[in-house]
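Engineer:
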Amino acid sequence: MNRLLAAAFGLLLAGCVTHEPRNLDAAKAAVRHYRDSGDYDRDIGTVVAQAKAWIETRAGRHAPGEKLALVLDIDETALSNFPYMKTHDFGWDDGSWNAWIAAGEAPAIAPVREVFATAQRLGVAVFFITGREEPRDRPGTEKNLRAEGMGDYARLIMAPAGGPKLTSAQRKTAARAALEREGWTIIANVGDQESDLVGGHAERPFKLPDPFYLTE
Ligand SMILES: [Mg+2]
75 MNRLLAAAFG LLLAGCVTHE PRNLDAAKAA VRHYRDSGDY DRDIGTVVAQ AKAWIETRAG
135 RHAPGEKLAL VLDIDETALS NFPYMKTHDF GWDDGSWNAW IAAGEAPAIA PVREVFATAQ
195 RLGVAVFFIT GREEPRDRPG TEKNLRAEGM GDYARLIMAP AGGPKLTSAQ RKTAARAALE
255 REGWTIIANV GDQESDLVGG HAERPFKLPD PFYLTE
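Now the structure itself:
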């Protein structure tokens, strides 16, 4: 009788479909492992090697009068916020985040700094296009980029405070279109989010890994 009951219960369980997503602690552990194992750095290295090779090739066939530009995102592209994420267990709040940006102490993502240096060496102007907000985040961001060896850029284009309600993708696409209207040819666009890269207005997009958060 007990065996019969157990079999019936087993059937009941087998037939029961749940929709439980991945356990949050397990997901966080997987993200930490991806970063700490070196896989994250290796993936960044792969994308960066492609970006550098393309910039070198394209700058080599620089037509007379052409003004070449590289677009870089900042968060999880030029600078890493991993120290903040680690302290906050991948959580986030306005006050501590704004203080973190204002402190300007995010470490560079070193391979991306090499992309920056490659562009500088070849006379390709670097434009940062970021979701960080104007004017609140400008001093900390400028200080941080300088401190991390990326202070010699053409322009830092930020999100306007109280500006129109646009998605990050819409705002960043419009910013690249505006650069083109100024006469710049954007040969490469490097970002960690799809929203950095969709919408065109760059000869080649380069997508860095970001398992940490999603910006649309
Ligand atoms: Mg980013």
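Just add 74 to wherever you are in the sequence shown, counting from 1, and you've got the working numbering.
Even for Gly, the Cβ is constructed at its ideal location relative to N, Cα and C.
(1) Contact between the region 174 to 184 and the region 101 to 108: three or more CB pairs below 8 angstroms?
(2) What did DSSP end up calling T259 once you bin it into helix, strand or coil?
(3) So, at 8 angstroms on beta carbons, what are the nonlocal neighbours of I118 in its own chain, with the 5 sequence-adjacent residues on each side left out?
(4) Pull up the distance between the alpha-carbon of Q194 and that of A103, whole angstroms please.
(5) Please state the DSSP three-state secondary structure of P285.
(6) Within the continuous beta strand (DSSP E) that includes T204, where are the two ends?
(7) Ligand 1 and T215: does the residue's C-beta get closer than 7 angstroms to at least one heavy atom of that ligand?
(8) Check the DSSP bridge columns for A143 and list the partner residues they point to.
(9) Whose C-beta lies closer than 8 angstroms to the C-beta of T92 among residues of the same chain, with five residues either side of it excluded?
(10) E290: beta carbon under 7 angstroms from a heavy atom of ligand 1?
(11) May I ask whether a heavy atom of ligand 3 can be found less than 7 angstroms away from the beta carbon of G265?
(12) Thinking M224 and A152 are a contact (beta carbons under 8 angstroms), I'd like their distance in whole angstroms, please.
(13) Exposed or buried, A100, counting other C-beta atoms within 10 Å across all chains shown (16 or more means buried)?
(14) Just the Cα atoms here: how many angstroms apart are G165 and R135?
(15) For M75, which three-state DSSP category applies?
Structural biologist: Short version:
(1) Short answer: they don't touch.
(2) DSSP places T259 in strand when its eight states are reduced to three.
(3) Cβ within range, chain order: I183, P185, V186, L282 and P283.
(4) Straight-line Cα distance between these residues: approximately 38 angstroms.
(5) Residue state, collapsed to three classes: coil.
(6) In the DSSP assignment, T204 falls within the unbroken beta strand (DSSP E) covering A199 to E208.
(7) Checking every heavy atom of ligand 1 against the Cβ of T215, none is found closer than 7 angstroms.
(8) Note: A143 is bridge-paired with A199 and I260 in the DSSP secondary-structure output.
(9) Excluding sequence positions up to five before and after T92, its CB lies less than 8 angstroms from no other CB in the same chain.
(10) No, Cβ of E290 sits at least 7 angstroms from all heavy atoms of ligand 1.
(11) The model on display carries ligand 1 but not ligand 3.
(12) At roughly 6 angstroms, the Cβ-Cβ gap stays under 8 angstroms, so M224 and A152 are in contact.
(13) The residue in question, A100, is exposed, as its Cβ has fewer than 16 Cβ neighbours within 10 Å.
(14) The straight-line gap from Cα to Cα measures roughly 45 angstroms.
(15) Residue confidence is low: M75 scores 46 on pLDDT, short of 50, so the model does not pin down where it sits. No coordinate-derived value is stated.
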